[in-house]
Amino acid sequence: MHPGPVPWPHPPGAPASDRARREPAGPIPGGPRGSRGGRVVAILKVAKLGSPVLRGRASEIETVDLKRGRLKGFFEDLMDTMVEYNGTGLAAPQVNTPLRVVLYEVQPGRKGDIEVPPTILVNPAFEVLDPAEQEDFEACLSVPFLSAKVPRPRKIRVRALDPVGKPVEFVAEDFHARVVLHESDHLDGVVYLDRVRDRASIRYTVDF
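Those letters in the sequence shown? Residues 4 to 211, per the numbering used here, in order.
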């Protein structure tokens with residue numbers, strides 16, 4: 004996810020070859036790209052609009068699997084994939100893995116937005132604290148070349164597990180809230196285009 008009226012994120016290139024590498028997510032699409040910090044880097048295949056995995060409800064993850072580190076490798080691959088495609092966020096269903104996991108960050112530079120380092124949320128849930136809605140442009144790696152205005156609540160409370168199974172709770176506002184809500188939608192089979200009210204705001208982000 005990367006809200007904004009500018010062309011982003013860069014669309015994924017040709018998908019890498021599939022390979023099975025780590026548990027418990029089963030065969031994870033992707034392929035070796037090199038090494039980083041002494042480990043293999045894998046860029047995962049990004050599912051595009053029309054893929055059934057983007058329209059299903061993702062499965063919750065057991066706390067014991069997090070505490071035993073069974074998803075550590077997948078989390079690393081998810082991060083590598085988000086960085087490779089210059090995204091602001093990525094949900095597990097977007098890489099063909101129907102689990103309730105989202106990854107995102109908020110970089111400095113947007114007016115009034117606080118910086119949020121790369122953050123993984125497992126089994127996230129939220130409650131709306133301020134129902135006042137704000138509209139802003141959003142785009143998505145799974146819906147390349149398009150952007151549109153989407154209304155979102157301004158302020159939410161988020162509850163989730165961190166990558167090692169510890170409960171986390173925080174308040175997100177403005178752009179931070181938008182990113183969390185955009186990625187969390189993917190866990191329930193919703194893409195941002197489903198929430199667009201002003202269809203006239205849908206636009207291409209590239210010139211053909």
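Glycine included, every Cβ here is placed at the ideal spot set by N, Cα and C.
On a predicted model such as this, the values are computed, not experimentally measured, just so you know.
query                                                                                                                       : result
Cross-strand partners of Lys152 (DSSP beta bridge)                                                                          : Phe140
Neighbour-count burial assignment, Phe77, 16 or more Cβ in a 10 Å radius                                                    : buried
Neighbour-count burial assignment, Leu52, 16 or more Cβ in a 10 Å radius                                                    : exposed
Stretch-stretch touch, CB-based, cutoff 8 Å, three pairs: the region 201-208 with the region 145-154                        : yes
Extent of the continuous beta strand (DSSP E) run through Phe173                                                            : 170-176
8 Å Cβ shell around Val109 - same chain, five flanking residues per side excluded                                           : Thr91, Asp116, Ile117, Glu118, Val119, Phe178, His179, Val182
Pro96 beta carbon less than 8 Å from that of Ala61                                                                          : yes
Spatial neighbours of Ala175 in its chain, beta-carbon cut-off 7 Å, leaving aside the 5 residues before and after           : Ile159, Val161, Val183
Helix, strand or coil at Ala94 [DSSP, three-state]                                                                          : strand
Chain-order list of residues whose beta-carbon lies under 8 Å from that of Pro27 (same chain, five-residue window excluded) : Low local confidence applies: a pLDDT of 33 at Pro27 is under 50, so the model's placement there is unreliable, with the coordinate-based value given in what follows. So the qualifying residues of the chain are Asp68, Arg73, Leu74.
Cutoff 7 Å; reference Pro55; Cβ partners in own chain excluding five residues on either side                                : none
Residues bridged to Ser62 [DSSP beta-bridge criterion]                                                                      : Leu102
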